[in-house]
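Engineer:
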Amino acid sequence: MKTRVEPAPELLSPGHTACRGCGLLVAARLALQAAGPRVIVANATGCLEITTSKFPQSSWNVPWIHSLFENTAAVASGVEAALKALGRQAEARVIAQAGDGGTADIGLQSLSGMLERGHDVLYICYDNEAYMNTGIQRSSLTPLGARTSTTPPGALSWGEVRTKKDMPAIAAAHGIPYVATASIAYPPDLVKKVKRALGIRGPKYLQVHSSCPLGWGHDSSLSIRVARLAVQTGLYPLYEVINGQLTNVKRLSYRSPVAAYLKPQRRFEHLFKPGGEALLAQVQALANANAAKYGFPPVTEGAEAEDSD
Amino acid sequence: MATLMDRVITSKAAVLEGSRAIAEAVRLCRPQVISAYPITPQTHVVEALAQMVADGALKAEFVNVESEHSAASVVLGASATGARVYTASSSQGIALMSEVLFNIAGLRLPVVLTCANRALSSPLNIWNDQQDSLSVRDAGWVQLYVEDNQEAVDTHLQAYAIAEDRRVLLPTMVCADGFLLTHTYEPVIVPTQEEVDAFLPPYRPQHYLTPDKPLTMGAFADPEYYMESRYLLDRALERSQAVIEDAAQRFNRAFGRHYGGLLDTLHMEGARTAVVAMGSVVATLRDVVSGLRDDGHAVGLVKVRSFRPFPKDALRSALRDVDRVLVLERALSPGGVGILAAEVRAVLQGQPRQPAVSAFVAGLGGRDIPVETLQALIARAQDEAVEQGFADLKAELVEEGDEDES
Ligand SMILES: Cc1ncc(C[n+]2csc(CCOP(=O)(O)OP(=O)(O)O)c2C)c(N)n1
Ligand SMILES: [Mg+2]
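Put into structure tokens, the structure is as follows:
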């Protein structure tokens with residue numbers, strides 16, 4: 012990586028039990044560094060919680076609460092309401108964080124409530140595209156074609172048949188002041204977005220694409236590269252929606268074919284077997300549709316990596 | 341229903357709907373964050389509180405959520421941040437909250453919740469029984485059942501004192517029969533703010549979320565630690581027995597009203613048969629049992645006020661000399677032998693004198709429990725030991741015509 016993040020006091024300590032190359036822990040550590048120590052964090056059940064909070068130890072050097080899987084947004088709402096009621100609003104910014112399952116599936120109602128009520132909370136969804144904590148089952152943010160333990164390819168199946176739910180659009184539809192997507196492959200961008208979000212009063216939604224070597228089936232040394240390819244292929248566009256306006260779309264100087272992103276991941280290996288061509292073409296079509304929507308260039312065959320942020 | 345019959349009604353008493361009276365009590369406790377989701381028969385309580393907040397009569401954050409699951413979660417988060425909190429629900433709402441209720445207790449947060457007791461679906465039924473709160477008896481909450489609206493008011497003040505006591509730090513549920521109490525107008529003494537402030541000091545949390553002293557709450561515990569944490573929860577509930585008694589005594593000294601601590605008894609001196617019950621039916625039973633006494637029957641009454649913690653010693657001592665016990669159940673454990681009755685039988689087991697315990701399910705889904713039914717059940721329990729019977733079952737509506745009836 013050419014970029015460096017300013018060293019800051021470590022708020023999410025090492026010693027947690029996450030896998031080697033875990034994108035989620037990279038993302039959470041960066042987000043917390045950007046937020047600084049004056050925060051209160053509500054965390055959903057999931058890999059982030061389980062790997063960092065095994066009694067009697069804790070990786071968290073900030074006030075942190077875990078309640079359940081699907082109620083994180085409501086717990087954070089309560090934290091924020093209490094700070095208000097007690098006149099302690101200046102004391103801390105409130106962050107809620109959850110995985111894609113805790114956000115887009117089981118926690119969607121609670122999140123919608125928090126966004127709609129206007130709580131001053133930054134909600135971060137760490138999107139590793141499946142229920143990793145329970146063994147890689149599909150979520151509504153699992154991408155088209157992906158193998159998960161509940162969307163296994165088989166004689167009658169080609170993996171996940173649905174495309175990702177457009178969670179940022181759902182968040183934005185609540186009329187909240189800030190929605191953004193980010194990726195662990197672009198740390199300065201992620202840090203900037205966390206800081207910008209925390210500078211805004213009201214509900215904010217940030218979705219961070221976080222690779223998972225175990226769940227996606229790639230080498231743990233490739234976590235950043237794979238995440239970067241998701242962006243460079245146009246499959247995971249990075250953008251902000253500020254007060255309802257799409258803005259700051261991360262421009263691509265060239266666009267890699269989706270195969271470059273899919274190939275290093277075992278969850279997509281069946282797409283490269285005989286018969287997988289149609290599905291592969293569908294995934295490419297999704298990237299092309301994003302390109303049309305966000306103004307990305309056409310695919311440059313053979314292009315991969317080596318770009319700037 | 342003969343409520344308040346033994347109690348002095350002063351000129352300060354106002355005639356209030358039960359829900360309104362409960363809301364007044366909650367207001368006087370100065371909760372800082374309130375969150376609730378509407379469900380009959382709880383609605384009037386939270387509507388009244390919303391109005392108080394809107395009028396500036398109560399300074400609190402009132403969070404209108406999208407479900408009971410979130411209502412419980414909001415007060416969980418607020419309590420963890422150091423606020424005094426309040427929520428209320430009934431029936432399906434309690435069922436939907438149940439996951440969070442367990443979690444709140446495990447986190448040892450002194451949340452206070454009013455359960456306006458109502459039957460559970462299916463079939464849908466909005467009327468009273470106690471299936472909702474009894475179904476979450478193992479959540480780890482203190483559960484107090486009240487008999488009339490004055491007790492409902494006064495028990496809310498005690499509930500905060502119990503929940504926030506450093507020997508306890510447990511959530512507390514005040515269970516008031518839906519409609520029978522919540523929608524009934526009764527004369528109620530609403531204490532003054534000064535009186536309540538003197539009884540209930542502001543909440544001073546020991547541990548709470550703040551960047552000034554970062555704390556991890558809700559860590560996960562593997563097999564090396566989980567069991568001890570549950571043991572400590574059990575110990576806290578056991579310790580709360582003394583605190584519930586204390587709160588009732590202290591309340592009596594401050595306000596001159598007493599409902600018993602863990603339980604209350606009537607005519608138990610020399611009683612050979614005891615009726616054990618919870619909630620508003622106790623008010624009717626006071627009349628029935630007193631009448632039977634007047635007619636020379638050795639019948640007494642035990643009101644279980646605290647179902648959790650279960651008053652094991654107090655109950656053993658209250659039932660020490662009786663031959664027969666009739667337990668009235670306003671809930672059902674399908675396929676079981678009574679919820680309250682099973683616990684009564686369990687605590688009596690191994691006692692020198694083992695009374696025959698009859699259990700009768702009565703008044704489910706708002707079915708009236710008339711005086712004559714109670715009299716008949718008591719007479720029957722004096723004759724035989726019924727493992728579990730159903731009072732006033734309509735034979736023509738059930739396939740088996742030979743169900744227990746009385
Ligand atoms: C009510 C409830 N249902 C199911 C679970 C089991 N569960 C715990 S974490 C999890 C998946 C988490 O997936 P996600 O939110 O995507 O987070 P990740 O672990 O992938 O980071 C599931 C299904 C639970 N804890 N609670
Ligand atoms: Mg996930």
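Chains A and B, in that order, give the protein sequences. For the first sequence, the working numbering gives the first residue as 12, with consecutive numbering after it. For the second sequence, the working numbering gives the first residue as 341, with consecutive numbering after it. Each residue gets a CB set at the ideal place from its N, CA and C atoms; glycine is no exception. Treat the numbers as computed from the prediction; the structure is a model and nothing was measured.
(1) Does the Cβ of A:Arg139 lie closer than 6 angstroms to at least one heavy atom of ligand 2?
(2) Ignore the nearest five residues each way along the sequence and tell me which others in B:Ala561's own chain have a CB closer than 7 angstroms to its CB.
(3) Give me the residue from B:Ala696, B:Arg544, B:Asp732, B:Asp604 with the minimum Cα distance to B:Gln372.
(4) For B:Cys369, which of helix, strand or coil comes out of DSSP?
(5) Under the assumption that B:Leu555 contacts A:Pro74 (Cβ atoms under 8 angstroms), give the Cβ distance between them as a whole number of angstroms.
(6) Can you tell me whether A:Phe283 is buried or exposed? The criterion is at least 16 other CB atoms within 10 Å of its CB, across all chains shown.
(7) Quick one: what's got a C-beta closer than 6 angstroms to A:Val105's C-beta in the same chain, skipping five residues either side?
(8) According to the Cβ coordinates, are A:Asn229 and A:Pro199 closer than 7 angstroms?
(9) Can the beta-carbon of A:Tyr137 be found less than 7 angstroms from the beta-carbon of A:Leu23?
(10) Residues of chain A with CB under 8 angstroms from B:Phe560, in chain order?
(11) Evaluate B:Met567 with the Cβ neighbour count: other Cβ atoms within 10 Å of its Cβ, from every protein chain shown; 16 or more gives buried, anything less gives exposed.
(12) For B:Ala342, which residues of its own chain have a beta-carbon under 8 angstroms away from its beta-carbon, when the five flanking residues on both sides are left out?
(13) Under a three-way DSSP split, which group does A:Pro188 fall into?
(14) With DSSP run on the structure shown, which of helix, strand or coil describes A:Glu171?
(15) Under a three-way DSSP split, which group does A:Glu317 fall into?
(16) With a Cβ-Cβ cutoff of 7 angstroms, do B:Arg645 and B:Gly600 count as a contact?
(17) So what's B:Ala611 in DSSP terms, helix, strand or just coil?
(18) Would you say B:Met341 reaches chain A, if we count a Cβ-Cβ gap shorter than 7 angstroms as a contact?
(19) Within the present structure, is the beta-carbon of B:Met437 separated from the nearest heavy atom of ligand 1 by less than 6 angstroms?
(20) Nearest to B:Leu688 by CA position, among B:Lys652, B:Val451, B:Tyr525, is which residue?
(21) Between the stretch 510-518 of chain B and the stretch 451-458 of chain B, do three or more beta carbon pairs fall short of 8 angstroms?
(22) For B:Phe650, which three-state DSSP category applies?
(23) Run through the DSSP bridge pairs and tell me what A:Asn259 is partnered with.
(24) Near A:Val269, what residues of its chain come up, given a Cβ to Cβ distance below 7 angstroms and the 5 sequence neighbours on each side ignored?
(25) Between A:Gly210, A:Lys215, A:Gly255, A:Met178, which lies nearest to A:Pro154 when the distance is taken from Cα to Cα?
(26) At a Cβ threshold of 7 angstroms, is B:Thr427 touching chain A?
(27) For B:Leu572, count neighbouring Cβ atoms within 10 angstroms of its own Cβ and tell me buried if that reaches 16, exposed if not.
(28) Buried or exposed: B:Arg360, going by 16 or more other Cβ atoms within 10 Å of its Cβ?
(29) Below 8 angstroms on C-beta distance, what does B:Pro551 contact in chain A?
(30) Please decide whether A:Ser69 counts as near chain B, where near means a Cβ-Cβ distance under 7 angstroms.
(31) Answer with buried or exposed for B:Asn657, where buried requires no fewer than 16 other C-beta atoms within 10 angstroms of its C-beta.
(32) Sorry if obvious, but does the Cβ on A:Leu58 come closer than 6 angstroms to a heavy atom of ligand 1?
(33) Under three-state DSSP, which class holds B:Gln691?
(34) Is the CB of B:His500 under 7 angstroms away from at least one CB in chain A?
(35) Is it the case that the Cβ atoms of B:Pro695 and B:Asp663 are separated by a distance below 7 angstroms?
(36) Against chain A, with Cβ distances strictly below 7 angstroms, would B:Leu436 count as a contact?
Structural biologist: Let me lay it out:
(1) Within the first sequence, the letter at position 128 stands for residue 139 of chain A. The identity of residue 139 of chain A in the sequence shown is Asn, whereas the question assumes Arg. Within the cutoff, so yes.
(2) Numbered from its first residue, the second sequence carries residue 561 of chain B at position 221. Take B:Ala561, set aside five residues on each side of it, and the residues of its chain with a beta-carbon closer than 7 angstroms to its own are Ser569, in chain order.
(3) What you label residue 372 of chain B is simply residue 32 of the second sequence in a count that begins at 1. Of the listed residues, the one whose Cα sits closest to B:Gln372 is B:Arg544.
(4) Counting from one through the second sequence, the residue named residue 369 of chain B turns up at place 29. The answer is coil: DSSP assigns B:Cys369 none of H, G, I, E or B.
(5) Taking the first residue of the second sequence as 1, we reach residue 555 of chain B at position 215. Taking the first residue of the first sequence as 1, we reach residue 74 of chain A at position 63. That pair is a contact at about 6 angstroms.
(6) Taking the first residue of the first sequence as position 1, residue 283 of chain A is located at position 272. Its Cβ having fewer than 16 others within 10 Å, A:Phe283 is exposed.
(7) The sequence position of residue 105 of chain A within the first sequence is 94, counting from 1. Here the set comprises Ile51, Ala87, Val90, Glu91, Val132.
(8) If you number the first sequence from 1, residue 229 of chain A lands on position 218. If you number the first sequence from 1, residue 199 of chain A lands on position 188. Note that residue 229 of chain A is His in the sequence shown, not Asn. Going by C-beta atoms, A:His229 is not nearer than 7 angstroms to A:Pro199.
(9) Translated into the one-based positions of the first sequence, residue 137 of chain A becomes position 126. Translated into the one-based positions of the first sequence, residue 23 of chain A becomes position 12. Cβ atoms of A:Tyr137 and A:Leu23: not closer than 7 angstroms.
(10) In the second sequence, the residue the question calls residue 560 of chain B occupies position 220. Residues of chain A passing the Cβ test: Glu60, Ile61, Ser64, Lys65, Phe66, His77.
(11) The residue you call residue 567 of chain B lines up with position 227 of the second sequence. B:Met567 should be labelled exposed.
(12) Stepping through the second sequence from its first residue, residue 342 of chain B is reached at position 2. Confidence in B:Ala342 is poor, its pLDDT being 40 and thus under 50, which makes the residue's placement unreliable; the coordinate value appears in the next sentence. Closer than 8 angstroms at Cβ, skipping near neighbours: Ala623, Thr624, Arg626, Asp627.
(13) Here residue 188 of chain A is taken as the residue at index 177 of the first sequence, counted from 1. Coil at A:Pro188, not helix or strand.
(14) Position 160 of the first sequence, counted from the start, is the residue given in the question as residue 171 of chain A. A:Glu171 falls in the coil class under three-state DSSP.
(15) Counting from 1 along the first sequence, the entry for residue 317 of chain A is found at position 306. Because A:Glu317 carries a pLDDT of 48, less than 50, the predicted location of this residue cannot be relied on, and the following value inherits that uncertainty. Residue state, collapsed to three classes: coil.
(16) The residue given as residue 645 of chain B occupies position 305 in the second sequence. The residue given as residue 600 of chain B occupies position 260 in the second sequence. A contact, by the Cβ cut-off of 7 angstroms.
(17) Residue 611 of chain B sits at position 271 when you count from the first residue of the second sequence. Coil.
(18) One-based indexing of the second sequence puts residue 341 of chain B at position 1. Unreliable placement is indicated for B:Met341, whose pLDDT of 39 sits below 50; the coordinate value is still reported in the next sentence. Taking Cβ atoms only, chain A never reaches closer than 7 angstroms to B:Met341, which makes this a no.
(19) Stepping through the second sequence from its first residue, residue 437 of chain B is reached at position 97. No.
(20) Along the second sequence, one-based indexing puts residue 688 of chain B at 348. Minimum Cα distance to B:Leu688 is reached at B:Lys652.
(21) yes
(22) For the purposes of this step, residue 650 of chain B is taken as the residue at position 310 of the second sequence. In the structure shown, B:Phe650 sits in coil (DSSP, three-state: anything other than H, G, I, E or B).
(23) Within the first sequence, numbered from 1, the residue matching residue 259 of chain A stands at position 248. Answer is none; A:Asn259 lacks a bridge partner.
(24) Walking along the first sequence from the start, residue 269 of chain A turns up at place 258. Once the five neighbours on either side are set aside, the close Cβ partners of A:Val269 are Thr244, Leu246, Val294, Gln295, Ala298.
(25) The residue given as residue 154 of chain A occupies position 143 in the first sequence. Here the closest residue by C-alpha is A:Met178.
(26) Sequence index remark: in the second sequence, residue 427 of chain B carries index 87 (1-based). No, no contact with chain A.
(27) One-based indexing of the second sequence puts residue 572 of chain B at position 232. Exposed, since its Cβ has fewer than 16 Cβ neighbours within 10 Å.
(28) To locate residue 360 of chain B, count along the second sequence from 1; it is residue 20. Buried: at least 16 other Cβ atoms inside 10 Å.
(29) If you number the second sequence from 1, residue 551 of chain B lands on position 211. What B:Pro551 touches in chain A: Pro48, Arg49, Val50, Ile51, Val73, Pro74, Glu102, Ala103.
(30) By one-based count along the first sequence, residue 69 of chain A stands at place 58. Closer than 7 angstroms: yes.
(31) Counted from its first residue, the second sequence places residue 657 of chain B at position 317. One detail in the question is off: residue 657 of chain B reads as Ser in this sequence, not Asn. Classification for B:Ser657: exposed.
(32) Position 47 of the first sequence, counted from the first residue, corresponds to residue 58 of chain A. It is Cys, not Leu, that sits at residue 58 of chain A in the sequence shown. Yes, Cβ of A:Cys58 sits closer than 6 angstroms to a heavy atom of ligand 1.
(33) Position 351 of the second sequence, counted from the first residue, corresponds to residue 691 of chain B. B:Gln691 carries a coil assignment under DSSP once its states are collapsed to helix, strand and coil.
(34) Your numbering for residue 500 of chain B matches position 160 in the second sequence. It is worth fixing the name first, because residue 500 of chain B is Tyr in this sequence and not His. Chain A contact via Cβ: absent.
(35) If you number the second sequence from 1, residue 695 of chain B lands on position 355. If you number the second sequence from 1, residue 663 of chain B lands on position 323. Cβ atoms of B:Pro695 and B:Asp663: closer than 7 angstroms.
(36) Residue mapping note: residue 436 of chain B aligns to position 96 of the second sequence, counting from 1. Cβ-Cβ to chain A under 7 angstroms: no for B:Leu436.
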